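Q: Let me give you the structure first, and then I'll get to my questions.
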Amino acid sequence: MTSTFEPAPETRAALVTGGTSGIGLAVARSLQQQGLRVAVADLDRPEARAVADHDGLTFIPADLSRRDDCRAAVDATLDALGSLDVLVNNAGFQHIEPIRSFPEDTWDRMLAVMLTAPFLLMRYGWDALSRSGAGRVVNIASIHAQVASPYKSAYVSAKHGLIGLTRTAALEGAAVGLTVNAICPAYVRTPLVDGQIQDQARTRGLSPQQVVEQVMLEPAAIKRLLEPQDVAALVQYVVSPAAWGMTGAVLDLDLGWTAR
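Offset between the sequence shown (1-based) and this note's numbering: plus 298.
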């Protein structure tokens, strides 16, 4: 029987991966402002710990390319917060390179972080998320889960796979009130995208401004970059009680990219 229990916001606990910068940090702050207790998993760096400490977030050091670290991240969240009601799979990174020269070890690491880790975190957290009665998983995909761009073979492959994982998990979680959805933003103004601009400028022989105008925003109807808070606002809705009927959804926040 599907549970109708909806825990009070102040009792809900969330784990956000890649949660000390960019989209992840905006999501963590947004959930915290809504009264959730929030843990952030990220690489163990002094600057990451400092951000978490400053914001009162529970910091969980984890290299999500490692299976043991994925299990440890879930265990540490449960130890620190006592429950797990919301999981936001956000961690990721980019590497811009043609297929003919794409490093094999980088391919392996990118798929581990952006596809295998979300699967493992859901697997290890499944029982806790199910006990919630209103568990929420949000996978931060990308518009590149829907379309492709050159020089991003590993990133595009991982994000396309994440959509399939989202839909499968949604079907399996429905009976216990666990929803699983994906958000697909276009380019967001983050440190990661700043790095992409430099990489694409090098790969394509363009200036950074030309990359933004001619590559990143060229397919978009709205000619401006998204901000991390824009994605966080959509996550906030998806994990709310109001979104109880939404599962297996792929939500495009794409500036009109796919409207053509």
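Using N, Cα and C, we set each Cβ at its ideal position, and we do this for glycine too. Since the model is a prediction, treat every value here as computed from it, not as a measurement.
Under 6 Å Cβ to Cβ from Val-454, same chain only, skipping five residues before and after it: list those, please.
A: Contacts found: His-442, Ala-446.
Q: Thinking Leu-329 and Val-336 are a contact (beta carbons under 8 Å), I'd like their distance in whole angstroms, please.
A: The Cβ separation is near 5 Å, so the contact holds.
Q: Starting from the Cα of Pro-489, find the closest Cα among Glu-525, Pro-517, Val-536 and give me that residue.
A: Comparing Cα-Cα distances from Pro-489 to each of Glu-525, Pro-517, Val-536, the minimum goes to Glu-525.
Q: Pull up the CB-CB distance for Val-533 and Val-325, whole angstroms please, since I reckon it's below 8 Å.
A: Right, the Cβ-Cβ distance comes to about 5 Å (below 8 Å), so this counts as a contact.
Q: Using the three-state DSSP reduction, which class does Asp-552 fall into: helix, strand or coil?
A: Correct three-state label for Asp-552: coil.
Q: What is the rounded straight-line gap between the Cα of Leu-418 and the Cα of Arg-558?
A: Their Cα atoms are separated by approximately 35 Å.
Q: Apart from the five residues on each side of it in sequence, which residues of its chain come closer than 6 Å, Cβ to Cβ, to Ala-346?
A: Thr-318, Asp-340.
Q: Exposed or buried, which one is Trp-424 when buried takes at least 16 other CB atoms within 10 Å?
A: Trp-424 should be labelled buried.
Q: Give the straight-line distance between the Cα atoms of Met-299 and Ala-468, rounded to the nearest whole angstrom.
A: Here Met-299 scores only 38 on pLDDT, less than 50, and its place in the model should not be relied on; the value that follows carries that caveat. Cα-Cα distance, rounded: 16 Å.
Q: Mark Ala-371 as exposed unless 16 or more other C-beta atoms lie within 10 angstroms of its C-beta, in which case mark it buried.
A: That one is buried.
Q: Measuring only the C-alpha atoms, how far is Arg-343 from Asp-351?
A: Taking the straight line joining both Cα atoms gives about 12 Å.
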